[in-house]
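Undergrad: What follows is a structure written as structure tokens; I'll ask about it next.
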Amino acid sequence: KLCEGILNILEKDTKTSCQVACLETLRILSRDKKVLVPVTTKRNMQILMKLAKLDTVEDPLERVSEFPVIVEALKCLCNIIFNSSVAQKLGLELNLAAMLCNLLQKCKDRQLVDDIKCFDLRLLFLLSLLHTDIRAQLRQELQGVQVLTQALESALSVRWTEEYKAAEDRDRPPLSLQETDCAIEALKALFNVTLDSWNVHSENESHQFRYMAAILRHCLLTTGPTEEKTEELH
Numbered sequence: 001k002l003c004e005g006i007l008n009i010l011e012k013d014t015k016t017s018c019q020v021a022c023l024e025t026l027r028i029l030s031r032d033k034k035v036l037v038p039v040t041t042k043r044n045m046q047i048l049m050k051l052a053k054l055d056t057v058e059d060p061l062e063r064v065s066e067f068p069v070i071v072e073a074l075k076c077l078c079n080i081i082f083n084s085s086v087a088q089k090l091g092l093e094l095n096l097a098a099m100l101c102n103l104l105q106k107c108k109d110r111q112l113v114d115d116i117k118c119f120d121l122r123l124l125f126l127l128s129l130l131h132t133d134i135r136a137q138l139r140q141e142l143q144g145v146q147v148l149t150q151a152l153e154s155a156l157s158v159r160w161t162e163e164y165k166a167a168e169d170r171d172r173p174p175l176s177l178q179e180t181d182c183a184i185e186a187l188k189a190l191f192n193v194t195l196d197s198w199n200v201h202s203e204n205e206s207h208q209f210r211y212m213a214a215i216l217r218h219c220l221l222t223t224g225p226t227e228e229k230t231e232e233l234h
């Protein structure tokens with residue numbers, strides 16, 4: 001009942017601070033699988049997707065004040081998808097992976113969106129881990145390898161000297177914590193999407209995998225903000 005009450009409030013046009021507080025509470029409650037059973041419905045998923053800016057292709061990320069709401073809604077969706085097989089099936093029905101890929105594109109070349117990208121990538125990782133149909137959809141329909149490779153390239157700030165050769169800068173400072181977390185989530189999602197990709201059929205696929213291999217090599221030469229984060233990245 002508490003979760004339903006929170007979602008009823010979130011469905012209304014309330015203040016940003018109220019939305020964030022409600023989402024933070026829902027995120028904590030959504031760690032409990034028993035709590036999720038009555039609230040994992042199509043309607044409730046759509047409420048959270050709307051708050052995470054996943055319900056429209058055209059709406060740009062212009063209001064920085066809304067970013068905390070987007071991040072908290074993505075965190076809630078991560079918990080719900082992880083803890084509920086019903087939510088995983090609804091994720092496929094609601095085309096959640098496609099909307100997440102679109103949100104990643106909206107984040108391209110924008111400031112202050114690292115947290116949004118990180119939890120978008122984490123949700124893509126969870127969907128591709130827990131639902132084989134979504135994994136196939138990402139690979140075959142949504143150009144998932146390309147989208148995730150570009151996200152990884154962006155997180156690592158790769159500069160190119162040749163088509164498949166990244167610039168090596170020995171004096172480059174370590175990645176920030178946010179950059180490292182984004183790179184780690186992109187790597188995890190890429191692993192899932194390419195898991196069954198041992199047989200490359202087209203010239204475009206060959207290009208994508210050579211491009212990804214060059215970025216992965218660059219990743220191994222990159223350090224994170226701490227020794228532990230560097231180890232996790234590698």
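In UniProt numbering, the protein residues as written are 1 to 234. From the three backbone atoms N, C-alpha and C, an ideal C-beta is built for every residue, glycine too.
Here's the rule I'm using: 16 or more other beta-carbon atoms within 10 Å means buried, otherwise exposed. How should N79 be labelled?
TA: buried
Undergrad: Just to confirm before moving on: does the CB-CB distance between L121 and S128 stay below 8 Å?
TA: no
Undergrad: Could you tell me the distance, in whole angstroms, from the CA atom of C3 to the CA atom of R135?
TA: In this model, C3 and R135 are separated by some 30 Å (Cα to Cα).
Undergrad: By Cβ distance, which residues of its chain are closer than 8 Å to K12, with the 5 residues on each side in sequence left out?
TA: none
Undergrad: Q141 lies in the alpha helix (DSSP H); which residues open and close that run?
TA: What sits at residue 141 in the sequence shown is Glu, not Gln. Per DSSP, E141 belongs to no alpha helix (DSSP H) and is neither H nor E.
Undergrad: Do you know how far the Cα of S157 is from the Cα of H207?
TA: Answer to the nearest angstrom: the Cα atoms are 20 Å apart.
Undergrad: Count the other CB atoms within 10 Å of the CB of E231; is the residue buried (16 or more) or exposed (fewer)?
TA: exposed
Undergrad: In angstroms with no decimal places, state the Cα-to-Cα distance between I184 and T41.
TA: C-alpha separation (whole angstroms): 30 Å.
Undergrad: Can you list, in chain order, the residues of its chain with a C-beta nearer than 7 Å to that of A98? Leave out the 5 residues immediately preceding and following it.
TA: Take A98, set aside five residues on each side of it, and the residues of its chain with a beta-carbon closer than 7 Å to its own are L142, in chain order.
Undergrad: What does E162 pair with, by DSSP beta-bridge criteria?
TA: K165
Undergrad: Using three-state DSSP, classify D171 as helix, strand or coil.
TA: coil
Undergrad: Might you give, ordered along the chain, the residues of its own chain that have their beta carbon closer than 7 Å to the beta carbon of residue 236, omitting 5 neighbours on each side?
TA: No statement about residue 236 is possible, as the shown extent of the chain runs from 1 to 234 and does not include it.
Undergrad: Near F82, which residues of its chain fall below 8 Å by C-beta distance, leaving aside the five closest residues on each side in sequence?
TA: L126 and L130
Undergrad: For D196, which of helix, strand or coil comes out of DSSP?
TA: Coil at D196, not helix or strand.
Undergrad: Only counting the same chain, and skipping five residues up and downstream in sequence, which positions put a Cβ closer than 8 Å to that of I47?
TA: L7, L10 and E11
Undergrad: Check the C-beta distance from L94 over to M49 and give it rounded, since I have them as a contact under 8 Å.
TA: Rounded to the nearest angstrom, the Cβ distance from L94 to M49 is 7 Å, consistent with a contact under 8 Å.
Undergrad: Quick check on this structure: which residue in A166, T25, L104 and E227 has the alpha carbon closest to the alpha carbon of S176?
TA: E227
Undergrad: Quick check: L195 and A151, are their CB atoms within less than 8 Å of each other?
TA: Taking 8 Å as the Cβ cut-off, L195 and A151 do not qualify as a contacting pair.
Undergrad: With 8 Å as the threshold, decide whether the Cβ of H234 is near any Cβ in chain B.
TA: As a matter of chain content, chain B is missing from the structure shown, which is built from one protein chain.
Undergrad: Alpha carbon to alpha carbon, how far is P68 from V20? Give it in angstroms, no decimals.
TA: 7 Å
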